[in-house]
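Student:
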Amino acid sequence: IYIYWQVLKGDMMLTLSNERIDSSKQVSTVRSLICYVAEKPASDSTQYEENASYLNSGFPHQHDAVIRNCNYAANSNIFYIGCNTDDFMTFCLEIQRSTGKITLSHAGPNSLYNHTSISYTFGKTELDLSQLEYVHVSAGTHTVPLRNLMICFDKQPDLHPTSDKQFKIDSSPIVVGDQDSPLISCPDNVNCLLQLSANESTHNSKYSHPCRFSELCRNHEPYLTHEPHQVFNCQYDDKCDKLIDPIHRASYRHTDWPDFLIPCRFRQECRDKSDKHCIKYSHGEQVIKNTRLAGIQHNQSLVKKDQRTPCKWGPGCRDRGNREHCEKYSHSGNVLTPDNRANSSARGFQGPPITHTRRT
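Take the sequence shown: its position 250, counted from the start at 1, is 250 in UniProt numbering, and no numbers get skipped.
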């Protein structure tokens, strides 16, 4: 038999007897099984002090003498350590009639933090558990809130949460960054709808997809790839009026905006043509194919004889992300670096890099 109940603050007694106990009588002559749950310890005390919770056979009116003389069958003074005593506490009294064993323990969340149990086996001559038919609840000097008293013939698994006793901390080094992944590139790449669907765990465990933020991503997911997206910065940046164009977004970088959009589940059949929708969602545009083609055309144009004027800042030019500037000026060679650009321009001449010596 399992008896469950919830009580606030404690200081209550659960009494089981073979006769009905008359609460109007100050002294009961019915020998009973007594289960006492002590009052919760004071939280404002500098030293932890807990009264005894106990199991015993006898008479309820003997409680004060039992506590004073420590005359109980089994007890515990650490029954509340680690528990949340500011809310209702759940207890379980297990009665094994065949063996005479009684066990008082925590149930519910507190059982994860305090594994203390109070247990005692009574002999038949001392207390015959098979004769116990009545349950009586009483409190000490204060009113004690009590709820959800249940008497069950089976243990209630929901009230006995378990923890992994075999758990061990993995001391192996954590792998950070992109590693060679056995995942296969999804043929739908950024347009894949399955990567965001309810069945994503199955699909994403087999296929990888380009991350919308490419190498600028700050939160790497294992099913996403973060290859460098080598494109020019848009000259209009976040003021660009083509932010709703997935091809343009993938062809040029815009500050704080992802390179690729989220695929809309309706694709070409989507009826929402608003800028608010289109700035976030793509509709089946082949952005990967178009950006790769643009890259090939760009590389082919570099192979031809460059007719552009060499930029005086060379590879260190700060306007290399400006498309109009790059169409007019080339940036090959090692003319000036960003480190000495400010120094040379301040002096009004173009010369070799200035060497700075650290003072020791």
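Using N, Cα and C, we set each Cβ at its ideal position, and we do this for glycine too. These numbers come from a predicted model, not from an experiment.
List the whole-angstrom C-beta distance separating F91 from V37, where the pair is believed to meet the contact cut-off of C-beta under 8 Å.
Tutor: At roughly 6 Å, the Cβ-Cβ gap stays under 8 Å, so F91 and V37 are in contact.
Student: Please name the residue in Q235, P210, H229 and L216 whose C-alpha comes closest to that of Y223.
Tutor: Minimum Cα distance to Y223 is reached at P210.
Student: May I ask which residues mark the beginning and end of the alpha helix (DSSP H) holding C278?
Tutor: Element bounds for C278: D275 to C278.
Student: Could you give the C-beta distance for K259 and R212, rounded to a whole number, given that I count them as a contact under 8 Å?
Tutor: The amino acid at residue 259 is misidentified as Lys; the sequence shows Asp. Yes, D259 and R212 are in contact; Cβ-Cβ is about 6 Å, under 8 Å.
Student: What are the boundary residues of the beta strand (DSSP E) that includes H63?
Tutor: Premise fails: H63 lies in the alpha helix (DSSP H), H63 to N69, not in any beta strand (DSSP E).
Student: May I ask which residues mark the beginning and end of the beta strand (DSSP E) holding R323?
Tutor: From DSSP, R323 is part of no beta strand (DSSP E) but of the alpha helix (DSSP H) over R323 to K328.
Student: How about I34 and P60: do their beta carbons lie closer than 8 Å?
Tutor: Contact flag set, yes.
Student: I need the straight-line Cα distance from I67 to P41, nearest angstrom please.
Tutor: I67 and P41: Cα-Cα distance of roughly 16 Å.
Student: Apart from the five residues just before and just after L282, which ones in its own chain have a Cβ nearer than 8 Å to its Cβ?
Tutor: The sequence shown places Ser at residue 282, rather than the Leu named in the question. Counting only Cβ-Cβ distances below 8 Å, and skipping sequence neighbours, we find V190, N191, P246, F260, L261, I262, P263 and C264.
Student: Which partner residues of H229 appear in the DSSP bridge assignment?
Tutor: Note: H229 sits in no beta bridge, so no partner.
Student: For residue 361, collect the residues of the same chain with a Cβ closer than 6 Å to its Cβ; drop the 5 residues on either side in sequence, then sort them by chain order.
Tutor: Outside the modelled stretch of the chain, which goes from 1 to 360, sits residue 361, for which no answer is possible.
Student: Quick check on this structure: which residue in Q268, D238, K280 and G140 has the alpha carbon closest to the alpha carbon of V7?
Tutor: Out of Q268, D238, K280 and G140, G140 has the C-alpha closest to the C-alpha of V7.
Student: For the beta strand (DSSP E) holding A139, just list the boundary residues, first then last.
Tutor: Taken as a continuous stretch (DSSP letters only), the beta strand (DSSP E) holding A139 covers Y134 to A139.
Student: Rounded to whole angstroms, what is the Cα-Cα separation between T15 and E49?
Tutor: For T15 and E49, the distance between alpha carbons rounds to 25 Å.
Student: Answer yes or no: do A52 and N71 have a C-beta to C-beta separation smaller than 8 Å?
Tutor: Cβ distance not < 8 Å, so A52 and N71 don't count as in contact.
Student: Give a yes or no on whether the C-beta atoms belonging to H229 and H220 are separated by under 8 Å.
Tutor: No, these two residues do not count as a Cβ contact at 8 Å.
Student: Measuring CA to CA, which of L194, K206, D256 and C234 is closest to R218?
Tutor: That would be D256, whose Cα lies nearest to the Cα of R218.
Student: Could you give the uninterrupted runs of the alpha helix (DSSP H) lying entirely in the region 31-112, keeping only those of 4 residues or more?
Tutor: Runs of the alpha helix (DSSP H) inside the region 31-112: 63-69.
Student: Could you tell me how far apart the beta carbons of A73 and L55 are, in whole angstroms, since I believe they sit closer than 8 Å?
Tutor: That belief holds up - the Cβ atoms of A73 and L55 are roughly 5 Å apart, short of 8 Å.
Student: Just curious, the alpha helix (DSSP H) that P210 is in, first and last residue?
Tutor: Looking at the DSSP string, P210 is not in any alpha helix (DSSP H); the run it does join, the beta strand (DSSP E), is Y207 to P210.
Student: What's the C-alpha gap between T99 and S24?
Tutor: Near 34 Å, if we compare the C-alpha coordinates of S24 and T99.
Student: Taking the C-alpha atoms as reference points, what is the distance between L146 and I102?
Tutor: The straight-line gap from Cα to Cα measures roughly 21 Å.
Student: Give me the Cβ distance between C234 and R253, rounded to the nearest whole Å; I'm assuming they're in contact under 8 Å.
Tutor: That belief holds up - the Cβ atoms of C234 and R253 are roughly 6 Å apart, short of 8 Å.
Student: Checking the sheet assignment: what are the DSSP bridge partners for W5?
Tutor: Partner(s): F91.
Student: Quick one: grab the DSSP three-state call for R20.
Tutor: R20 falls in the coil class under three-state DSSP.
Student: Which stretch, first to last residue, makes up the alpha helix (DSSP H) that contains R249?
Tutor: Unbroken alpha helix (DSSP H) run through R249: P246 to S251.
Student: Closer than 7 Å by C-beta to H325: which residues in its own chain qualify, once you throw out the five before and the five after it? Chain order, please.
Tutor: The answer, listed in chain order, is D319.
Student: I need the straight-line Cα distance from C278 to D86, nearest angstrom please.
Tutor: Answer to the nearest angstrom: the Cα atoms are 52 Å apart.
Student: Does the beta-carbon distance from L112 to P157 come in below 8 Å?
Tutor: In this structure, P157 does not lie closer than 8 Å to L112 by Cβ.
Student: Measure the CB-CB distance between S119 and M13 and report whether it falls below 8 Å.
Tutor: In this structure, M13 does not lie closer than 8 Å to S119 by Cβ.
Student: Round the Cβ separation of S105 and S117 to the nearest angstrom and send it over; I've been treating them as touching at under 8 Å.
Tutor: Rounded, the Cβ-Cβ distance is 4 Å, consistent with contact.
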